[in-house]
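There are 2 protein chains.
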Amino acid sequence: HKTNLSGFRFTPLVVVELASNVKEETITWLLSRIRDQQQNGGAELFAEQLGPSVEAQEKENPNVFLVGASWQRLLSGAEDVGLFKEYNDGSMRGFTRANKHNFKDFKGKVRHDLSDANLRTALQHFMPLSYFQQEKYSERAVLLRRLLSKGLLVQIFPLHEKEELKRLSFSWYKKVKLSLQPLDDIRHYYGEGQALYFGFLEYFTFALVPMALIGVPYYLFDWEDYDKYVVFAVFNLIWCTVILELWKRFSASLAYRWGTLSRKKAFEEPRPGFHGVLGFNPVTGREEPVYPTAKRHLRIYLVSLPFVLLCLYLSLYVMMIYFQMEGWALSVHDEDPTFWTGILLFIPSIIYAVVIEIMNLIYRYAAEFLTEWENHRLESSYQNHLVLKVLVFNFFNCFASLFYIAFVMQDMVLLRQSLATLLITSQILNQFMEAFLPYWLQRRRNKKMIRKVQKKRTLEDKELPLVEQVRLEADMSTYLGTFDDYLELFLLFGYVSLFSCVYPLAAVLVVLNNITEVYSDAFKMCQVFKRPFSDPAANIGVWQLAFEAMSVIAVVTNCALIGMSPQVKAYFPESETQLILWTVAIEHGLLAFKFILTFLIPDIPKHIQIKLSRLEFESLEALKKKVRSDCLVFV
Amino acid sequence: HKTNLSGFRFTPLVVVELASNVKEETITWLLSRIRDQQQNGGAELFAEQLGPSVEAQEKENPNVFLVGASWQRLLSGAEDVGLFKEYNDGSMRGFTRANKHNFKDFKGKVRHDLSDANLRTALQHFMPLSYFQQEKYSERAVLLRRLLSKGLLVQIFPLHEKEELKRLSFSWYKKVKLSLQPLDDIRHYYGEGQALYFGFLEYFTFALVPMALIGVPYYLFDWEDYDKYVVFAVFNLIWCTVILELWKRFSASLAYRWGTLSRKKAFEEPRPGFHGVLGFNPVTGREEPVYPTAKRHLRIYLVSLPFVLLCLYLSLYVMMIYFQMEGWALSVHDEDPTFWTGILLFIPSIIYAVVIEIMNLIYRYAAEFLTEWENHRLESSYQNHLVLKVLVFNFFNCFASLFYIAFVMQDMVLLRQSLATLLITSQILNQFMEAFLPYWLQRRRNKKMIRKVQKKRTLEDKELPLVEQVRLEADMSTYLGTFDDYLELFLLFGYVSLFSCVYPLAAVLVVLNNITEVYSDAFKMCQVFKRPFSDPAANIGVWQLAFEAMSVIAVVTNCALIGMSPQVKAYFPESETQLILWTVAIEHGLLAFKFILTFLIPDIPKHIQIKLSRLEFESLEALKKKVRSDCLVFV
């Protein structure tokens with residue numbers, strides 16, 4: 001173990017970096033908080049200061065601390081956070097130290113008995129305790145805010161595990177192969193939230209394959225034959241309902257296997273940024289900042305909502321400029337049809353696609369600022385409001401022009417051209433931001449590392465000493481969560497489900513994009529970012545709702561596109577009213593069918609439902625027995 | 001107490017009637033099961049045979065038993081079924097005997113510490129134990145089925161509590177007053193399921209009052225002015241969304257106050273009628289009948305579904321006959337317009353309304369038979385399938401003709417006339433079945449009682465002796481649950497929400513009907529039926545869903561009616577297509593708005609949400625403390 005290499009008494013798990021100008025007594029106090037016995041209000045963890053690196057530079061921050069914990073302490077943390085593990089009889093049960101040996105693959109002192117990410121969750125659970133073991137929230141909050149706001153606490157992050165990471169990255173993205181991602185290993189290393197994202201990405205890619213396979217012959221043989229797309233639209237419509245339902249079941253299977261499905265949510269503490277007048281929490285009775293809901297609602301409905309509407313208006317305005325440019329380019333091409341003016345035809349779309357990406361980016365910052373300002377008490381509420389804001393704008397920004405072309409201009413050629421340009425441009429931009437930029441960063445980092453190694457020349461084996469590794473990881477960028485990754489998938493899902501019948505190649509492009517996405521995301525997780533704290537998610541949360549909303553919109557869009565197709569129009573030669581009424585009736589029928597289908601397909605597969613019921617039944621029986629034994633005592 | 005009057009050692013709570021030809025040893029065995037100590041497999045309850053009535057007739061069944069329980073046993077039952085009661089600090093907590101004195105209004109030995117219905121629930125919990133304390137389900141099932149199928153077990157029902165009933169019925173329906181129903185008393189006497197029904201009936205009536213108030217001037221002044229109904233339709237549409245959302249909140253308040261909101265559901269045992277090959281339950285591991293789901297699905301999709309469709313087709317066929325009759329009556333009236341042919345115009349509608357009621361009744365029996373034959377394992381699953389079958393047919397049967405008239409024939413005069421006839425006829429029929437028939441039964445019963453009393457002449461005070469009371473109650477009809485009552489409200493809600501803009505008086509009629517309904521339902525609960533076992537419901541269950549589905553259909557219908565109105569048509573004089581597109585767009589917008597509204601309005605009022613979170617937080621904290629104290633033991 002590295003413990004011996006670095007001379008530490010324990011395996012370091014988490015790095016805490018304080019600002020270099022923190023006073024000596026603050027550090028002493030903090031360390032005592034971390035190290036003290038529980039009865040003295042400490043966290044009973046190990047903590048050591050990181051020594052200077054081999055050629056210590058002056059700008060190097062000395063206040064970097066490594067935190068670890070004893071095996072017993074980690075197990076106790078695992079129990080506290082309500083970890084579920086596979087039991088001897090194959091079911092998933094809440095982990096308790098008392099009967100730890102009845103859990104599968106539990107061999108005593110070996111680190112791999114609990115997943116690596118779980119260990120960090122367990123430790124993370126103690127961390128706030130360690131700093132702020134005070135009873136009152138106010139003191140804790142004041143301390144935490146002071147540390148954060150004055151920049152005294154620079155960062156806390158879990159250390160990468162070089163050996164594990166090497167093994168993981170090899171099986172994940174280093175070999176080009178036709179196998180699935182090692183989801184269990186990803187979960188083991190990064191936690192359930194990450195693993196569910198990669199599981200969803202993989203699932204989504206596979207789900208797109210039938211669409212892509214049908215799309216290719218459409219592209220090759222019927223490029224100009226709009227009539228045929230009715231079949232494609234119908235297929236599209238069934239497809240997007242079914243895959244979302246099946247994903248829910250697949251996701252439940254994963255979450256059950258990983259023990260997050262039946263895990264109870266801990267009581268949610270206020271998020272660090274939350275502020276207000278000191279008062280009493282009506283639920284916990286603790287003293288903590290209180291902020292009136294009415295005031296937050298005022299901020300949401302009087303500031304945020306108008307702001308979002310203004311942004312939507314702006315986006316509409318930009319769209320109109322795009323259509324003017326489009327018209328101008330068309331007129332230039334009509335006057336003088338050369339190769340260059342032919343290329344000019346694509347320029348407005350490309351510019352528009354770039355502008356859309358930039359607007360999305362700027363809006364994202366504005367939305368984060370506004371949601372922060374709304375002062376949500378809970379992290380989940382903050383996330384929901386942020387996701388809602390960003391989703392609505394991104395959806396509008398990306399799809400408004402397509403809707404306008406499809407249903408107002410009713411120009412299918414332009415629609416196809418716009419869709420293709422938007423899709424391809426945004427993919428190129430995204431791949432650049434996600435793969436090439438990280439690759440470049442990685443190369444720069446590599447160079448730096450090599451330079452250091454060359455300066456020292458004492459490094460015999462290929463491994464860097466712990467001190468160097470910690471310094472290197474501290475310099476890595478911070479992973480900001482799966483938000484952007486899901487958002488990208490959401491927009492791609494939109495392109496495919498809403499309009500792919502007009503441009504059947506969309507599914508093919510998205511499949512190709514997703515495959516490179518798997519590799520670039522895996523690469524950035526392993527090499528570019530600091531290791532994130534794990535997030536014990538049981539599902540993809542609000543994104544499931546977002547994708548389902550999109551699939552409802554897709555039903556409406558596809559029905560409208562079918563109704564507008566010349567083939568269908570030919571059935572109602574004399575009366576347009578009849579055509580519209582039939583289209584609307586069928587659309588209502590499909591929507592009703594979709595809701596009934598959502599209702600009929602159980603969200604959790606039957607074999608897992610049985611296991612969950614068994615667990616519940618057993619706990620009920622145990623409760624009954626307890627009540628009966630109490631009877632003997634009290635009656 | 002009556003205990004002394006009747007000479008019993010205990011307060012009888014439940015009556016068990018066995019067939020008169022049951023063997024003596026069976027009775028002895030059964031009584032020992034009921035009376036034995038728990039460790040001997042008994043239920044530790046009291047049981048006594050009911051003596052012969054004063055002038056014992058030969059046909060009188062001697063095998064009637066009264067069952068009661070000690071106060072401690074009832075408390076233990078209340079704890080076992082997970083009863084929630086108000087705690088000293090105002091919150092609702094799971095009742096435990098250990099700290100019973102910390103519950104509000106708990107004064108020791110008085111019966112009224114727990115609600116009367118709760119006591120019976122507690123006892124009911126022990127009853128199956130008493131008969132079938134065997135470990136294996138198979139034996140229990142065989143015994144229960146033998147008892148039931150051979151007609152050995154005639155009935156089990158709780159006894160009425162004369163004093164309480166008198167007080168309840170006085171405050172409920174005997175005085176004509178302008179006050180609310182005594183919901184808490186109803187819940188106290190009949191349990192939460194009943195009380196929620198009456199709460200819903202009352203809420204629904206009040207919710208209809210604004211509609212009725214708006215409807216009256218429409219009826220008085222604008223009888224022939226169809227144009228104005230646009231305003232009414234818009235109001236209708238908002239109304240039916242809002243009232244359902246508010247009901248959910250009101251219902252949560254009631255359920256919280258009554259302690260059923262946070263109560264955990266007990267594990268559901270198979271329903272008595274369920275049969276199959278003996279196997280092992282995958283959840284409990286017990287031996288019990290197993291019936292393959294695939295086989296049940298085959299029965300549902302290959303027999304029940306086609307049968308329902310056939311019935312719908314039949315209903316359609318009857319509807320067509322009605323329209324032919326209607327046409328024939330109209331032609332007769334046109335040829336010879338006298339007073340009598342004018343009346344003839346209404347005859348087809350009245351006949352059709354009666355036929356609809358008869359078809360509903362026959363279909364109801366068929367649906368019960370089919371659902372029984374589908375062999376559902378759980379009572380809840382049986383209920384859901386039955387409700388779904390009955391709802392679809394009733395909806396189709398009652399509203400198909402109205403839809404046809406409104407959207408195919410587009411004849412608003414006929415629509416109004418049909419609606420009025422259907423509504424009034426079905427109300428008269430229902431009131432007859434629910435109020436006059438019970439009244440007649442009650443009078444017959446009264447006469448019988450008076451005859452008996454006159455024969456004896458020894459009765460000094462007005463109260464009947466216990467023996468007579470039990471015999472009388474055993475002869476009363478059995479209450480079959482709230483199904484029919486909810487179904488009636490559902491159809492009335494349909495008449496009002498779907499088409500009331502055409503016939504604004506509908507709301508007035510429904511309000512009047514509901515007021516008499518309250519009285520007739522209260523009367524039949526108190527005087528006509530045996531007291532039912534209480535049902536600890538937390539909400540109105542599948543009916544909430546049914547009403548919400550109806551309100552979605554109402555949005556579609558009202559939008560279509562608005563789109564068809566001459567007033568709106570006047571805005572689009574040149575293009576019908578434009579009109580339809582706008583109508584559809586607005587309808588989609590309204591549906592989206594409705595869903596967002598459902599999402600935004602929390603189902604549980606905030607103050608109750610806080611109380612629930614506090615309870616959850618406390619149990620989490622308690623768990624943590626327990627874990628920590630375990631640490632001290634095990635580590």
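In the order they appear, the protein sequences are chains R and F.
Note that the UniProt record's numbering gives residue 223 to position 223 of the first sequence, counting from 1, and the numbers run on in steps of one.
Note that the UniProt record's numbering gives residue 538 to position 538 of the second sequence, counting from 1, and the numbers run on in steps of one.
Where a beta carbon is used, it is the ideal one built from N, C-alpha and C, also for glycine.
Computed from a predicted model, the values in this text were never measured in an experiment.
Nearest to Asn-397 (chain F) by alpha-carbon distance, out of F:Tyr-313, F:Ala-538 and F:Trp-247, is F:Tyr-313. Within the region 408-491 of chain R, the runs of alpha helix (DSSP H) at least 4 residues long that lie entirely inside it are, in chain order, 412-431, 437-456 and 466-475. For the set F:Thr-577, F:His-607, F:Arg-614 and F:Val-552, the Cα lying nearest the Cα of His-588 (chain F) is the one of F:Val-552. Annotated as distal: Met-409 (chain R) and Arg-445 (chain R), with beta-carbon spacing of 9 Å or more. Within 7 Å of the CB of Val-584 (chain F), the CB atoms of chain R belong to Val-584, in sequence order along the chain. A residue is called buried once 16 or more other Cβ atoms fall within 10 Å of its Cβ, and Arg-377 (chain F) is buried on that count. With contact defined as three or more Cβ pairs closer than 8 Å, the region 361-374 of chain F and the region 281-294 of chain F are not in contact.
The Cβ atoms of Asn-514 (chain R) and Phe-204 (chain R) sit closer than 9 Å to each other. Nearest neighbour of Val-528 (chain F) by Cα position, chosen from F:Ala-537, F:Ala-435, F:Trp-71 and F:Lys-569, turns out to be F:Ala-435. Between the region 423-441 of chain F and the region 507-523 of chain F there are three or more C-beta pairs closer than 8 Å, enough to call the two in contact.
Spatial neighbours of Leu-261 (chain F) in its own chain (CB-CB distance under 7 Å, excluding positions within 5 residues in sequence) are listed in chain order as Ala-252, Ala-255 and Ala-538. Residues of chain R with a Cβ closer than 7 Å to the Cβ of Ile-610 (chain F) are, in chain order, Pro-282 and Val-283. Just measuring C-alpha positions, the residue of R:Ser-520, R:Gly-481, R:Leu-345 and R:Ala-406 sitting nearest Ile-428 (chain R) is R:Ser-520. For Ala-195 (chain F), the uninterrupted alpha helix (DSSP H) segment begins and ends at 192-221. If you ignore the 5 residues before and after Gln-469 (chain R), its C-beta comes within less than 8 Å of the C-beta of Leu-159, His-160 and Lys-162, all in its own chain and listed in chain order.
With contacts defined by Cβ atoms closer than 9 Å, Leu-414 (chain R) and Glu-335 (chain R) do not form a contacting pair.
Listed along the chain, the chain F residues whose CB falls inside 9 Å of the CB of Arg-614 (chain R) are Pro-282, Val-283, Thr-284 and Gly-285. Contact between the region 551-571 of chain R and the region 230-241 of chain R is present: three or more C-beta pairs spanning the two stretches fall below 8 Å.
One finds His-588 in chain F with Cβ atoms closer than 9 Å to the Cβ of Val-556 (chain R), taken in chain order. Proximity of Lys-606 (chain R) to chain F, defined by a Cβ-Cβ separation below 9 Å, is satisfied. A distance below 7 Å between beta-carbons, with the five flanking residues on each side excluded, links Glu-548 (chain R) to the following residues of its chain, in chain order: Leu-244. Under DSSP, Tyr-313 (chain R) forms no beta bridge with any residue. Contact between the region 271-280 of chain F and the region 530-544 of chain F is not established, with fewer than three Cβ pairs separated by less than 8 Å. Using a CB distance cut-off of 9 Å, Leu-83 (chain F) does not count as an interface residue toward chain R. Taking a Cβ-Cβ cut-off of 7 Å, the neighbours of Thr-577 (chain F) in chain R comprise Glu-576, Thr-577 and Ile-580, given in sequence order. For Leu-591 (chain R), DSSP records no beta bridge to any residue. Look at Phe-617 (chain R): its C-beta is under 9 Å from a C-beta on chain F. Around the beta-carbon of Asn-88 (chain R), fewer than 16 other beta-carbon atoms lie within 10 Å, marking it exposed. For Leu-512 (chain R), the uninterrupted alpha helix (DSSP H) run begins and ends at 505-523, by DSSP. Sequence-distant Cβ neighbours of Arg-614 (chain R) in its own chain, meaning closer than 7 Å and more than five residues away, are Ser-91. Distance check between Glu-202 (chain F) and each of F:Ala-212, F:Leu-180 and F:Gly-193 places F:Leu-180 closest, using alpha-carbon atoms only. At a Cβ-Cβ threshold of 9 Å, Glu-576 (chain F) and Thr-577 (chain R) count as neighbours.
Thr-260 (chain F) has a beta carbon lying at 9 Å or more from every beta carbon in chain R. Here Ala-546 (chain R) is buried: its Cβ has 16 or more other Cβ atoms, across all protein chains shown, within 10 Å. For the pair of segments examined, the region 342-355 of chain R was found not to touch the region 372-390 of chain R: the number of CB pairs separated by less than 8 Å stays below three. Selection F:Leu-305, F:Met-359, F:Pro-282 and F:Leu-480 evaluated against Lys-606 (chain R) yields F:Pro-282 as nearest (Cα-Cα).
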